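Line by line, the protein sequences give chains A and B. Residue 1769 in the numbering used here is what sits at position 370 of the first sequence, and the numbering runs on without skipping anything. Residue 1476 in the numbering used here is what sits at position 77 of the second sequence, and the numbering runs on without skipping anything. Cβ coordinates follow ideal geometry from the N, Cα and C atoms, glycine included. What you are looking at is a predicted structure, and each value in this text was computed from that prediction instead of being measured.
2 protein chains.
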Amino acid sequence: MTLKYADRMEQVKGLETREIIKFIGKPDIISFAGGLPAPELFPLEELKRISVRVLEEDGSAALQYVPTDGYLPLRKKIAERMHKIGVKASAENILIINGSQQGIDFSGKIFLNPGDTVICEKPSYLGAIGAFRAYQAQFIEITIDNDGMKVEELEKILATTPKAKLVYVTPDFQNPTGISWSTKRRKDFIEVINKYSIPVIEDNPYGELRYEGEEVPPIKSFDTEGRVIFLGTFSKILCPGFRIGWVCADKEVLRKYTLIKEVSDLQCNTMAQREIAFFLNEYNIETHIEKLKQVYKRRRDIMIRIINEEFPSEVKFSIPEGGLFAWIELPEEVNGRELLEKAQKQKVAFVPGGCFYPNGGHENSIRLNFSNMPEEKIVVGMKRLARILKEEMG
Amino acid sequence: MTLKYADRMEQVKGLETREIIKFIGKPDIISFAGGLPAPELFPLEELKRISVRVLEEDGSAALQYVPTDGYLPLRKKIAERMHKIGVKASAENILIINGSQQGIDFSGKIFLNPGDTVICEKPSYLGAIGAFRAYQAQFIEITIDNDGMKVEELEKILATTPKAKLVYVTPDFQNPTGISWSTKRRKDFIEVINKYSIPVIEDNPYGELRYEGEEVPPIKSFDTEGRVIFLGTFSKILCPGFRIGWVCADKEVLRKYTLIKEVSDLQCNTMAQREIAFFLNEYNIETHIEKLKQVYKRRRDIMIRIINEEFPSEVKFSIPEGGLFAWIELPEEVNGRELLEKAQKQKVAFVPGGCFYPNGGHENSIRLNFSNMPEEKIVVGMKRLARILKEEMG
């Protein structure tokens, strides 16, 4: 029998990136698909020591319920780290969540009525599109160039779209394009936002992974009116398996996130919160991040070199200054999904670019992750991809 | 400035049980409030060994992403345990979630349009009421007696309420009343459900904690049509800090839960999933549960003895055969919330019963948890309560 589902379920589909995780689980696959960090860089020995020490020092408290907003020492540590990137925050501005994905979902729940419009970058993060669809959102995509979202286009849309309720952006090494917004663009953006009083979700999972160029402060650091809700995560700088991220927002709006956290799943894993707080206390996470950056930069360079040297010259790409992804635009007649089928036969995976456009189109693009595979596999996989592309584009 | 929130936020309030967690965090409080398990019974030494072994044997895989549906060996183990209580299930029927609370939230997301009606027991679990309110649900409460939900009343409502989209029940040692449904009532219930083809959420966090009387199979075991969605959790039989529970449902409906899990927070904590799977492999959880039952039974007995001997005779209560809660009905003129204020001044906490009635009323009741406090504190706290009640009802 078929049960009767809510209307919103018509819009809920599986995320292609998560589907591919099953395929790439096989050991002989060379995957440029998921946004997976390099597992060999997880601080395994440190976490082994920490997991024992948390249970020895905190005892059963590490396994019991904690208040919904999260483990206070961790919230304090996160607030300190927010300070370093220019955001004035104390523990009262921090809510612990299951990775930044949960912050995106909660944002939909808090701000969107059915049929409301989310304004996002074109293209945008697949997981956000999926999360907002479950709240029956419509999408308006705003063009991005190498400096970020085009604010004149944004302003035109805000002036004419009363149903626009939320702006979702990933200004640092965007998923999927790798683009990072300039400081000027961020300031111009916040000026438009303040004119139209719309809440902004600044999703920032990759901001600390910069391989070249100058540091750029988050949009939240320019927000004087409490309209920007910042989402951070330990998934890319420590490990994703803990599912620990955070919302940083003004107290009034954070209270809404806390209420929603409470009725959604009560709280995050207590042990993981304490382990991360321990890690931040006992080890220097900045040193750890430096190590990640060195390795990821080399992997990025290798990937870019092969694109430069061996991909057909019609292919367009730009060099991401940080993050985990390179973005390729193919000639219009080449379809990313069809390309993936051919690549999978040769045991190479990536994500077709079309799925990052909520309103469809743009099938002639692909997203390549460079953080997950060791260098020699990047070489082999990229050479295979080059061959497939050459055949395809004859 | 105030941002514009979605309509659903008007119905979202903080859960009184979670608010009280902050108050009971102080060491000199005697708490009968939260549904907290006894922390001194958590298998701390075992989990210390396991956390190291998981990281040694599984390495970085224990810290990486896993597929949304969860860690396969854990799903298999859970399916085996479902078999033992009469539910035919394989790993394909199991989705890992952040405690059963997340399963309740997902049920609202999957089945409820704004204004739809949830049918529940009178009274019902506060966390479920809160979760469903965030989907703008209306509630119809069905009377329960000592055998469970009154099915004639249920049938009348189903026959006349087209907007009824979901039935939510906790048939085992219900939170808050401690009532457990008889086998006959479960069978009668499923017959009515099949007549009206409505999905049922069977929330079962306490089913394995029976202190006397015969085992009763879950409603899901009588479900031949795939209409019952069973929610289970390790929070009460192992520890709540892991935030690991499960949905057990027919494949078609489970697919919806998996899609929602994916867009909500991708997956559960990888490490916690592996640790529980290890625990189930290496230790006998049934032996562990036996130990819990012995301790909780003694605590229940002490609480009930003092109610019997020292509470005013006008107070009504029944002896729960399992679970974590005793439920007290006071004379109509006594208000549970006012009583709590007085009790808190004497450093005793409980949950006023009114909050378990989604449509209000019934303020003359209180819920007492007996699992969290050691015996001597139960004695002291209950004697204090008895004194307060005597003064009140003087």
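Check your understanding: In chain order, what residues of the same chain lie with their CB nearer than 8 Å to the CB of E1661/A, ignoring the 5 residues before and after it?
Key -> T1467
Exercise for review: Could you confirm whether any beta carbon from chain B is found closer than 8 Å to the beta carbon of M1772/A?
Suggested key: no
Review point. Should E1659/B be flagged as near chain A, meaning a C-beta pair shorter than 8 Å?
Key: The identity of residue 1659/B in the sequence shown is Ile, whereas the question assumes Glu. Answer yes: the Cβ-Cβ gap between I1659/B and chain A drops below 8 Å somewhere.
Check your understanding: According to DSSP, is C1519/A helix, strand or coil?
Key -> strand
Practice item. Kindly indicate which three-state DSSP category Q1743/A falls into: helix, strand or coil? Key: helix
Check your understanding: Does P1466/B have its Cβ less than 8 Å from a Cβ in chain A?
Key -> yes
Check your understanding: Which chain A residues are close to E1439/B, counting only those with a beta carbon under 7 Å from its beta carbon?
Key -> S1459
Review point. Got a sec, what are the start and stop residues for the beta strand (DSSP E) T1542/B sits in?
Key: 1537-1544
Exercise for review: Using a Cβ-Cβ cut-off of 8 Å, state whether N1766/A counts as contacting chain B.
Suggested key: The sequence given here has Arg at residue 1766/A, not Asn. For R1766/A, the answer is no, since every Cβ of chain B falls outside 8 Å of its Cβ.
Exercise for review: Work out the CA separation of Y1567/A and V1568/B for me, nearest whole Å.
Suggested key: 38 Å
Review point. In terms of residues, what are the limits of the beta strand (DSSP E) holding R1626/B?
Key: Where R1626/B is concerned, there is no enclosing beta strand (DSSP E), given that its DSSP letter is neither H nor E.
Check your understanding: If you measure beta-carbon to beta-carbon, which residues of the region 1581-1596 of chain A are closer than 8 Å to chain B?
Key -> S1596
Review point. For P1751/B, which three-state DSSP category applies?
Key: strand
Point to revise | Status (buried if at least 16 other CB within 10 Å, exposed otherwise) for T1416/B | key: buried
**Study point:** Interface residues of chain A facing R1388/B [CB-CB closer than 8 Å]
**Key:** With chain B running from 1400 to 1793 in the structure shown, residue 1388/B is simply not present.
Exercise for review: List the residues of chain B that N1492/A touches, going by C-beta distances under 8 Å, in chain order.
Suggested key: Here the premise fails: no neighbours, minimum Cβ distance about 15 Å.
Review point. How long is the line joining the alpha carbons of M1792/B and P1730/B, rounded to whole angstroms?
Key: 8 Å
Check your understanding: Just curious, the alpha helix (DSSP H) that A1725/A is in, first and last residue?
Key -> Where A1725/A is concerned, there is no enclosing alpha helix (DSSP H), although the beta strand (DSSP E) it sits in stretches over 1724-1728.
Point to revise | Nearest to C1647/B (by Cα), restricted to the options V1779/B, E1439/B, N1603/B | key: N1603/B
Review point. Is there a Cβ from chain A that is less than 8 Å from the Cβ of G1606/B?
Key: no
Check your understanding: What's the gap between the Cα of F1431/A and the Cα of L1462/B?
Key -> 19 Å
Point to revise | Straight-line Cα distance separating L1738/B from L1473/A | key: 36 Å
Review point. For P1561/B, does the count of other Cβ atoms within 10 angstroms reach 16, so buried, or fall short, so exposed?
Key: exposed
Review point. V1627/B and E1607/B look like a contact to me (Cβ under 8 Å); what is the Cβ gap, rounded to whole Å?
Key: About 18 Å; that fails the 8 Å criterion.
Point to revise | Amino acids of chain B, ordered along the chain, whose beta-carbon sits closer than 9 Å to that of K1447/A | key: S1450, V1451, L1454, E1455
Exercise for review: Could you work out which residues of chain B lie near V1411/A, taking near to mean beta carbons separated by less than 7 Å?
Suggested key: L1658, I1659, V1662
Check your understanding: Mapping DSSP to helix, strand and coil, what is G1760/B?
Key -> coil
Exercise for review: Flag this pair as touching only if the region 1423-1442 of chain B and the region 1689-1706 of chain A have three or more C-beta atom pairs under 8 Å; answer yes or no.
Suggested key: no
Review point. Which residues in the same chain as I1423/B place their Cβ atom closer than 7 Å to its Cβ, once the five residues preceding and following it in sequence are excluded?
Key: S1430, A1432, G1433, A1748
Check your understanding: Given 8 Å as the limit, is there contact between the region 1485-1495 of chain B and the region 1591-1601 of chain B, that is, 3 or more CB pairs closer than that?
Key -> no
**Study point:** Proximal residues of chain A, C-beta to C-beta of K1403/B below 9 Å
**Key:** F1510, K1564, S1596, I1597, P1598
Check your understanding: Mind checking if K1692/A is an interface residue toward chain B, Cβ cutoff 8 Å exclusive?
Key -> no
Review point. Since I1449/A is in the beta strand (DSSP E), which residue starts that stretch and which ends it?
Key: First-last for I1449/A: 1443-1457, but that is the alpha helix (DSSP H), not the beta strand (DSSP E).
Practice item. Grab me the residues of P1711/B's own chain with a C-beta within less than 7 Å of its C-beta, minus the 5 sequence neighbours each way, in chain order. Key: L1788, K1789, M1792
Review point. Who are the Cβ neighbours of I1503/A in its own chain at under 6 Å, not counting the five residues just before and after it?
Key: A1527, A1530
Check your understanding: According to the Cβ coordinates, are N1763/A and G1735/A closer than 8 Å?
Key -> yes
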